[in-house]
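A.B. asks: First residue of the sequence shown? That's 243 in my numbering, and the numbers climb one at a time after it. Every residue, glycine too, gets a C-beta built ideally from N, C-alpha and C.
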Amino acid sequence: MRALIAALVIASAAGTANAAGAVTGNLGGDIPHSIAPTVPANARQQAQDAVKHDVGDDGLKFRVVKAKEVASLRRGMFGETIEGPLALVCGQYQKPGQADYSWFFVASKHGHVLWISDPASGTPDEAHDSCSAAGLAD
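(1) To the nearest angstrom, report how far apart MET319 and GLY364 are at their CA atoms.
(2) From VAL355 to ALA292, what distance separates their C-alpha atoms?
(3) Could you pull the start and end residues of the alpha helix (DSSP H) that LYS310 belongs to?
(4) For ALA289, which beta-bridge partners are listed by DSSP?
(5) Which residues mark the beginning and the end of the alpha helix (DSSP H) in which ALA369 is found?
(6) Taking the beta carbon of ASP360 as the centre, do at least 16 other beta carbons fall within 10 Å, making it buried, or is it exposed?
(7) Taking only three categories from DSSP, how would you classify VAL297?
(8) Would you identify the three-state DSSP class for HIS352, choosing helix, strand or coil?
(9) Considering Cα atoms alone, identify which of PHE347, ALA362 and HIS352 is closest to SER374.
(10) From ALA329 to ALA379, what distance separates their C-alpha atoms?
(11) Identify whether LEU387 lies in helix, strand or coil by the three-state DSSP scheme.
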């Protein structure tokens, strides 16, 4: 029984060390692996509402919306690290009457949107690059 408990403690310690590692992206900076398997229930809807407001169109159609929670995040290559937990939401939206989709990236903390990256508010590839760095783009 003691051997089983010791094995579980060692396995959980190894998992904790792995979760503290970082994935480096171009524009997104360092994005640590997820600290929890769950994201706040309203994070996806809050992100979609923020994108609608930022783009200025309530008729947006969303697809491939993914979310994860991270321990910390750094905006840009030289930005300060923001301690979490933080919810990251990525996906694509389409404006009515347009054929193509655009990427968006939303970071929030405790229910407050920290920033939005999409073609309306940043460079054309910023949102996609941030989503890729977070492991949320295919």
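C.D. replies: Once the coordinates are examined:
(1) 15 Å
(2) 8 Å
(3) Taken as a continuous stretch (DSSP letters only), LYS310 belongs to no alpha helix (DSSP H), being part of the beta strand (DSSP E) at 303-316.
(4) Per DSSP, none; premise fails for ALA289.
(5) 368-375
(6) buried
(7) The answer is helix: DSSP assigns VAL297 an H, G or I state.
(8) coil
(9) PHE347
(10) One C-alpha to the other measures close to 15 Å.
(11) Residue 387 lies beyond the residue range present for the chain, which begins at 243 and ends at 380; the question has no answer from this structure.
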